[in-house]
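Residue numbers (our numbering), protein chains in the order written: chain A, 1 to 101; chain B, 102 to 202; chain C, 203 to 303; chain D, 304 to 404; chain E, 405 to 505. Using N, Cα and C, we set each Cβ at its ideal position, and we do this for glycine too. A short write-up of the structure that comes next.
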Amino acid sequence: MFIGEVIGTVVATRKTDNMQGLTLRLVRRLTTDNMPTDVYAVAVDVVGASEGERVLVSAGSPARQTPQTDARPVDALILAIVDNWQVQQRLVYSRLQEAGS
Amino acid sequence: MFIGEVIGTVVATRKTDNMQGLTLRLVRRLTTDNMPTDVYAVAVDVVGASEGERVLVSAGSPARQTPQTDARPVDALILAIVDNWQVQQRLVYSRLQEAGS
Amino acid sequence: MFIGEVIGTVVATRKTDNMQGLTLRLVRRLTTDNMPTDVYAVAVDVVGASEGERVLVSAGSPARQTPQTDARPVDALILAIVDNWQVQQRLVYSRLQEAGS
Amino acid sequence: MFIGEVIGTVVATRKTDNMQGLTLRLVRRLTTDNMPTDVYAVAVDVVGASEGERVLVSAGSPARQTPQTDARPVDALILAIVDNWQVQQRLVYSRLQEAGS
Amino acid sequence: MFIGEVIGTVVATRKTDNMQGLTLRLVRRLTTDNMPTDVYAVAVDVVGASEGERVLVSAGSPARQTPQTDARPVDALILAIVDNWQVQQRLVYSRLQEAGS
């Protein structure tokens with residue numbers, strides 16, 4: 001998985017039948033230091049993430065391992081909203097601090 | 102998935118039996134700001150996208166999760182035609198505006 | 203899939219039992235403008251491509267979706283010989299022109 | 304697989320049901336000379352690795368091939384703690400030496 | 405598949421049960437001109453390759469398509485020892501010449 005930031009939404013009415021009803025979010029990949037990169041994915045969101053939140057994205061076949069994405073042509077999935085992460089004992093990001101700041 | 106622009110078509114008569122009857126489009130990967138990149142894929146189109154349209158492409162095994170691509174050696178699929186997308190509340194691309202301009 | 207040029211052949215006698223009898227070709231990835239890149243794959247050829255021909259290569263699990271590659275550790279497949287492709291209405295490559303020139 | 308160093312932990316309470324109870328570690332990819340790179344993965348740990356340890360990470364669908372990750376949207380797995388590795392007969396890393404130093 | 409050179413071995417005692425008994429080799433990716441690159445994989449060897457030999461490595465899910473790697477979290481497999489390869493009719497590498505030199 002990679003850590004990403006939800007930066008936007010994609011709307012597509014004309015699509016394969018089995019993609020109906022799925023939310024498509026733009027997610028920018030972040031470094032372990034919480035810095036943005038140029039890499040992004042359009043990922044199906046099954047956890048209800050909001051713009052600006054840090055999320056975990058699973059790529060490839062594993063993205064189909066949820067009831068909502070099973071048997072669909074989904075290659076990227078937002079599977080979790082990140083509360084916090086630390087690198088070498090240092091807190092890099094905390095959702096609560098972010099919300100409070 | 103990634104956002105791409107349909108830029109062309111590939112014709113191949115001699116191919117595996119299970120690739121017969123599939124439309125092969127050249128899709129150039131775009132950035133979230135709607136700018137072209139050097140990355141492309143030859144993708145099977147099951148939604149009838151036209152040249153110049155923005156589409157969503159799914160890569161790898163998930164590309165087989167449609168009735169048309171099931172059990173075929175397809176590793177890239179155009180699964181949707183993009184209507185619009187926004188990044189940080191800003192509309193980056195709208196199909197209607199594009200068509201009207 | 204990506205567009206490639208068949209540039210060579212790999213010979214390997216000592217291999218897993220289920221790789222016996224498969225032709226292994228070196229394929230160089232091309233840009234959409236028919237220019238060579240440094241990226242290559244050793245791909246199983248099931249369509250009988252010759253050196254110099256433009257082919258379509260499927261990568262990853264989808265490469266196993268032919269009778270010849272089913273249940274084998276194949277991660278790249280030549281699935282088609284390209285007749286021609288066009289980018290923005292311009293013919294970039296034509297197999298017939300190439301053969302005639 | 305790639306050789307990585309466990310550099311941190313990711314905490315996420317809100318996630319898909321089938322991700323509950325899994326430990327998520329930040330793993331930085333290393334070169335064969337034991338040097339850090341900018342590439343990282345958030346990987347599920349099923350072997351109990353500690354921060355600073357060298358581990359083997361499997362990516363993609365294969366990451367689901369353990370009892371703990373089966374049928375879950377996991378695309379990266381810590382499957383082993385590295386004792387040592389050598390390159391061209393030279394010992395590059397040894398866990399015991401590291402612990403003793 | 406890619407052409408690689410076996411450059412070393414990784415030892416890991418603590419690992420998932422289903423990884424026991426597999427040989428883990430460090431393989432450096434080569435160019436089609438037999439030049440080393442910075443890309444490497446830790447691959448399971450099922451053909452008994454020796455250090456310095458040129459091998460074919462299959463990546464991702466296809467790596468599980470052997471009796472030894474079936475149902476294991478293996479994402480890279482040495483599936484063949486390369487005898488020779490040629491690029492545009494030129495012999496780039498020959499195992500016999502290498503052994504004799």
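Three-state secondary structure assigned by DSSP to residue i
i: Glu409/E; result: strand
i: Pro339/D; result: strand
i: Asn374/D; result: This sequence places Ala at residue 374/D; Asn is not what is there. In this structure, Ala374/D counts as coil in the three-state DSSP scheme.
i: Ala164/B; result: helix
i: Ala49/A; result: coil
Cβ-Cβ distance between residue i and residue j below 8 Å
i: Pro73/A; j: Ala142/B; result: no
i: Thr427/E; j: Gln389/D; result: no
i: Arg28/A; j: Ile7/A; result: yes
i: Asp336/D; j: Val385/D; result: no
i: Arg14/A; j: Val148/B; result: yes
i: Arg155/B; j: Arg196/B; result: yes
i: Leu481/E; j: Ser454/E; result: no
Identified DSSP bridge partners for residue i
i: Asn102/A; result: Any question about residue 102/A goes unanswered here, given that chain A covers just 1 to 101.
i: Thr420/E; result: DSSP output for Thr420/E lists no bridge partner at all.
i: Leu279/C; result: Val246/C and Ser260/C
i: Thr427/E; result: Asp449/E
Outcome for residue i when other beta-carbon atoms lying within 10 angstroms are tallied against a minimum of 16
i: Leu258/C; result: buried
i: Ser61/A; result: buried
i: Glu5/A; result: buried
i: Ala503/E; result: exposed
i: Asp247/C; result: buried
i: Asp176/B; result: buried
i: Gln368/D; result: buried
i: Ala211/B; result: Shown here, chain B extends from 102 to 202; a query on residue 211/B therefore has no answer.
i: Thr138/B; result: exposed
i: Ala172/B; result: exposed
i: Met423/E; result: buried
i: Met203/C; result: buried
Residue i CB to nearest heavy atom of the ligand MN below 7 Å
i: Val410/E; result: Among the components modelled here there is no ligand, and therefore nothing to report on the ligand MN.
- Message: Residues of the segment 2-20 of chain A in Cβ contact with chain B at a cutoff of 8 Å, in chain order, please.
- Response: Those would be Ile7, Gly8, Thr9, Val10, Val11, Ala12, Thr13, Arg14, Lys15, Thr16, Asn18 and Met19, in chain order.
- Item | Cβ-based contacts, 8 Å cut-off: residues of the segment 363-389 of chain D near chain A | Residues passing the 8 Å Cβ filter: Gly363, Ser364, Ala366, Arg367, Ala374, Arg375, Pro376, Val377, Asp378 and Ala379.
- Of all the residues that make up the segment 144-156 of chain B, which are near chain A by a beta-carbon distance shorter than 7 Å? Within the segment 144-156 of chain B, the qualifying residues are Val147 and Val148.
- Query: According to a CB-to-CB cut-off of less than 8 Å, which residues of the segment 325-343 of chain D neighbour chain E?
  - Reply: Result list: Thr334 and Thr335.
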